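The structure appears below as structure tokens.
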Amino acid sequence: MTATISTPKSPKSQKSPGSPSLEDRRLVDAERRARRKRAYERPGVLTYALLAAFFLGSAFPLWWSFVIGSRQSSDTNLVPPAVLPGPNFLANAAKVFDTVPFLQGLLNSVVISGAITVSVVFFSTLAGYSFAKLRFRGRNGLMVTVIATMAIPTQLGIIPLFMLMAEWHWVGTLQAVIVPGMVTAFGVFFMRQYLVDVIPDELIEAARVDGASMWGTFRHVALPAARPAMAVLALFTFMAAWTDYLWPLLVLSPRNPSVQTALAALSAAGGQNPDNAMVLAGAVLSVIPLLILFVVAGKQLVAGIMQGAVKG
Amino acid sequence: MTSSTLGRPARSDLTFRQKVSRFDYAFSPFLYVAPFFILFAAIGVFPIVYTMNVSLYDWHLLKGQGDFVGLENYVSVLSDPFFWNAFGNTVSIFLLSAIPQLVIATGIAALLDQAIRGKTFWRMSILLPYIVAPVAVTVIFLQIFNQYRGPIAGLLELFGLDPIRWAFDVLPSHIAIASMVNWRWTGYNALLLLAAMQAVPRDVYESAAIDGANKLRRFWSITIPMIRPTLIFVVITATIGGLQIFTEPKLFDSRTNGGGDRQFQTIVLYLYELAFPRRDFGQASATAWILFLIIVLVGLISFAITRAIRTADVKPARSSAAPVGAQQGES
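Sequence lines, in order, name chains A and B.
Remember, this note's numbering sits 3 above the position in the first sequence when you count from 1.
Remember, this note's numbering sits 3 above the position in the second sequence when you count from 1.
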């Protein structure tokens, strides 16, 4: 879990050039330059062809569901497969809303994912800041606990969690999905790793000398500095909550679903003979919110993953 | 509150403001970590620990706690052929997804780790599937891997091949489910590996090139050994994720719990079937703990294997690989 964290700050250079070795000197200057250049060479057509092929593979299923979702079910049979959208997307989408409470599902998922995101980001920043920059008894021990619990698949606790929800009469309500997602060990770890480097200790001392309260220091020093990491954590938390299926399936009712349980119900609705165009239109509708997020913040997603922001 | 004030002004000398400030300074750090620990204890730790308690009783979804039965639930799960069937299916799907995924992700990362044009576009393009939720992935792939209709059936027909019974036969269903996992995660893992590749100091490649090592040689002897920590990380997360696969096999045939003959029932699906359709919380909890132990075990094994592979082919680049490896390992 820690393996990818340090990549951005890896040493620029491991070896010092030193004096040229015997072997180096034997090489003609021109040849050396040519070989050196080869290591940096712009890649050839093959690279782009392979990347394009991979991109087509990545995009095809999504594009194809939009194509079929905008046509009629029998078009799934076409050989070669249909590649251009038809005129029926809105009609199919309307059928989606008639078949299952899809709009309710979308709204519920916005509320659930939004609430979980706010909660995770807030509590993670608060705890992460404390672990990164404040001194208190037992800090290291507690931090080790956080790291150790990060690897625990909390999904395995669903049975007692379900019993808890039943006892509190929360089954069927949104808080049954929200509350179990309110904090993650990963979030705390992630914010701590970010803040430990980004806020100079002197800044916090200075704030204290100037008479700032602890809360004031958190608000005016830590929060502004934490903003970029908070955004990345928010992005990934929202996505994880939006795409979750098992837990909402257990605690939400079909009448008050999340977007995922609604889509699953839609897919099962047709029995042996599902209306494929409608089901795929539903799949596209369920993806649109994250697709917008991807268009707006795709760069941050990529950067977040590459900085080791997410734990699979 | 009773912390010693030796060597400092006596308490009475402090103004009220100073006292408040001292209290603030001493207790705020705890206050800031407390919400996390309290909530996490309630929603993360307690359920897992309590699962152990439930697993030791006869425990029915509706009737609640019954007699204490000791390890009987564990015995019945471990002697249930359906459990071992689910175990085999999970391992099979995991291998069919983890291996191709790792190989392709490494290849894509290597392609991206060049001076390509449109870097941002390509990086984003491979991440596209990641934003599609597993439910949507399954719904879409259900149409693609359809025995009679859809692109693959059409393609097979074109070549005069028999239709494949994706939802009925063991291996085809595993391949279809593994494809869903691969489609969603390969690009994501490629980005992780790319990040690791970019951390390899460029002058290592440069000196290897000057010494006459070709591209392939540089890849095997420099890149692979130097991204080992990330490879291990990817393998372990893929393992933990792969052993808990639920959504794809559940929805691949949503009327059943992993196929009419349980031909693609995974362990979590087995757990789900025990807990909800069959209402046996005791055995389901035992399954959860068994799965937990399996995850820990397999995580350790993947770690050992990846390490062994590394030791076998690292010799040429050992000296330069060590510092980066060490640096990536900590932090």
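Ideal Cβ positions, reconstructed from N, Cα and C, are used throughout, including at glycine.
Everything numeric in this text was worked out from a predicted model, so none of it was measured.
> Taking the alpha-carbon positions, what's the T148(A) to T233(B) distance?
Replying inline: Counted from its first residue, the first sequence places residue 148(A) at position 145. Counted from its first residue, the second sequence places residue 233(B) at position 230. So the two alpha carbons sit approximately 23 Å from each other.
> Near D172(B), what residues of its chain come up, given a Cβ to Cβ distance below 8 Å and the 5 sequence neighbours on each side ignored?
Replying inline: Position 169 of the second sequence, counting from 1, holds the residue named residue 172(B). Q266, listed in sequence order.
> What span of residues does the beta strand (DSSP E) with W62(B) cover, start to end?
Replying inline: For the purposes of this step, residue 62(B) is taken as the residue at position 59 of the second sequence. Note, W62(B): beta strand (DSSP E), 60-63.
> Helix, strand or coil: which one does DSSP assign to D101(A)?
Replying inline: Locating residue 101(A) in the first sequence gives position 98, counting from the first residue. D101(A) falls in the helix class under three-state DSSP.
> Cβ of A286(A) within 7 Å of Cβ of A139(B)?
Replying inline: One-based indexing of the first sequence puts residue 286(A) at position 283. One-based indexing of the second sequence puts residue 139(B) at position 136. In this structure, A139(B) lies closer than 7 Å to A286(A) by Cβ.
> Does any residue of chain B bring its CB to less than 7 Å from the CB of G108(A)?
Replying inline: Locating residue 108(A) in the first sequence gives position 105, counting from the first residue. Not one chain B Cβ lies under 7 Å of G108(A).
>> Beta-carbon within less than 6 Å of V262(A)'s beta-carbon, same chain only, minus the 5 sequence neighbours each way: which residues are those?
In response: Along the first sequence, read from residue 1 onward, the residue named residue 262(A) stands at position 259. Excluding sequence neighbours, V262(A) sits near G108, L109, S112, S289.
> The alpha helix (DSSP H) with Q201(B) in it runs from where to where?
Replying inline: As a working mapping, residue 201(B) is identified with position 198 in the second sequence. Its alpha helix (DSSP H) spans residues 173-201.
> Do you know how far the Cα of L296(A) is from the Cα of W245(A)?
Replying inline: Translated into the one-based positions of the first sequence, residue 245(A) becomes position 242. Translated into the one-based positions of the first sequence, residue 296(A) becomes position 293. Their backbone Cα atoms lie some 12 Å apart in a straight line.
> For I167(B), which residues of its own chain have a beta-carbon under 6 Å away from its beta-carbon, when the five flanking residues on both sides are left out?
Replying inline: On the second sequence, position 164 is the one that residue 167(B) refers to. So the list reads P175, once near-sequence residues are dropped.
>> Would P257(A) and A268(A) qualify as a contact pair, given that the criterion is a beta-carbon distance under 7 Å?
In response: Taking the first sequence and counting its residues from 1, the one referred to as residue 257(A) is at position 254. Taking the first sequence and counting its residues from 1, the one referred to as residue 268(A) is at position 265. Yes, the pair counts as a contact, with Cβ atoms nearer than the cut-off.
>> Please classify K136(A) as buried or exposed, where buried requires at least 16 other C-beta atoms within 10 Å of its C-beta.
In response: In the first sequence, the residue the question calls residue 136(A) occupies position 133. K136(A) is buried by the Cβ-count criterion.
> Just the Cα atoms here: how many angstroms apart are V72(B) and A287(B)?
Replying inline: For the purposes of this step, residue 72(B) is identified with residue 69 of the second sequence, where counting begins at 1. For the purposes of this step, residue 287(B) is identified with residue 284 of the second sequence, where counting begins at 1. Their Cα atoms are separated by approximately 14 Å.
> From the beta carbon of S133(A), is the nearest beta carbon of chain B less than 7 Å away?
Replying inline: The residue labelled residue 133(A) in the question sits at position 130 within the first sequence. Taking Cβ atoms only, chain B reaches closer than 7 Å to S133(A), which makes this a yes.
> Would the beta-carbon of L34(B) fall within 7 Å of that of T109(B)?
Replying inline: For this step, residue 34(B) is matched to residue 31 along the second sequence. For this step, residue 109(B) is matched to residue 106 along the second sequence. Cβ atoms of L34(B) and T109(B): not closer than 7 Å.
> Which first and last residues belong to the beta strand (DSSP E) in which Q68(B) is found?
Replying inline: Position 65 of the second sequence, counted from the start, is the residue given in the question as residue 68(B). Looking at the DSSP string, the run of the beta strand (DSSP E) that includes Q68(B) is 67-71.
>> What would DSSP say about D264(B), mapped onto helix, strand or coil?
In response: In the second sequence, counting from the first residue as 1, residue 264(B) sits at position 261. Here D264(B) sits in coil by DSSP.
>> Against chain A, with Cβ distances strictly below 7 Å, would F255(B) count as a contact?
In response: On the second sequence, position 252 is the one that residue 255(B) refers to. Put simply, the CB of F255(B) is far from chain A, with every gap to its CB atoms at 7 Å or more.
> Going by DSSP, which residues form a beta bridge with D283(B)?
Replying inline: Stepping through the second sequence from its first residue, residue 283(B) is reached at position 280. According to DSSP, which records beta bridges pairwise, D283(B) is partnered with H63(B).
>> Under 8 Å, with one C-beta from each stretch per pair, do the segment 45-59 of chain B and the segment 230-241 of chain A reach the 3-pair mark?
In response: no
> So the alpha helix (DSSP H) Q196(A) belongs to, where does it begin and stop?
Replying inline: Numbered from its first residue, the first sequence carries residue 196(A) at position 193. Run containing Q196(A): 188-201, per the alpha helix (DSSP H) assignment.
> With a cut-off of 7 Å, does the C-beta of G328(B) fall near any C-beta of chain A?
Replying inline: Locating residue 328(B) in the second sequence gives position 325, where the first residue counts as 1. At G328(B) the pLDDT is 27, less than 50, meaning the model places this residue with poor confidence and gives no usable figure here.
> Under a Cβ-count criterion, where at least 16 other Cβ atoms within 10 Å of its own Cβ denotes burial, should I41(B) be classed as buried or exposed?
Replying inline: Looking up residue 41(B) in the second sequence gives position 38. Under this definition I41(B) is an exposed residue.
> Alpha carbon to alpha carbon, what distance is there between F57(A) and L219(B)?
Replying inline: As a working note, residue 219(B) is residue 216 in the second sequence. As a working note, residue 57(A) is residue 54 in the first sequence. About 21 Å.
> Looking at the structure shown, is Q117(B) part of a helix, part of a strand, or coil, going by DSSP?
Replying inline: For the purposes of this step, residue 117(B) is identified with residue 114 of the second sequence, where counting begins at 1. Residue state, collapsed to three classes: coil.
>> What would DSSP say about M55(B), mapped onto helix, strand or coil?
In response: Here residue 55(B) refers to the residue found at position 52 when the second sequence is read from its first residue. Of the three classes helix, strand and coil, the one that applies to M55(B) here is helix, per DSSP.
>> Strictly under 7 Å for the Cβ-Cβ distance: is R187(B) near chain A by that measure?
In response: By one-based count along the second sequence, residue 187(B) stands at place 184. False, the Cβ-Cβ gap to chain A never drops below 7 Å.
> When you compare only the Cα positions, how much space is there between E333(B) and A307(B)?
Replying inline: On the second sequence, position 330 is the one that residue 333(B) refers to. On the second sequence, position 304 is the one that residue 307(B) refers to. Confidence at E333(B) is low in this model, with a pLDDT of 26, below 50, so its placement is unreliable and the value that follows should be read with caution. Using only the alpha carbons, I get a separation of about 18 Å.
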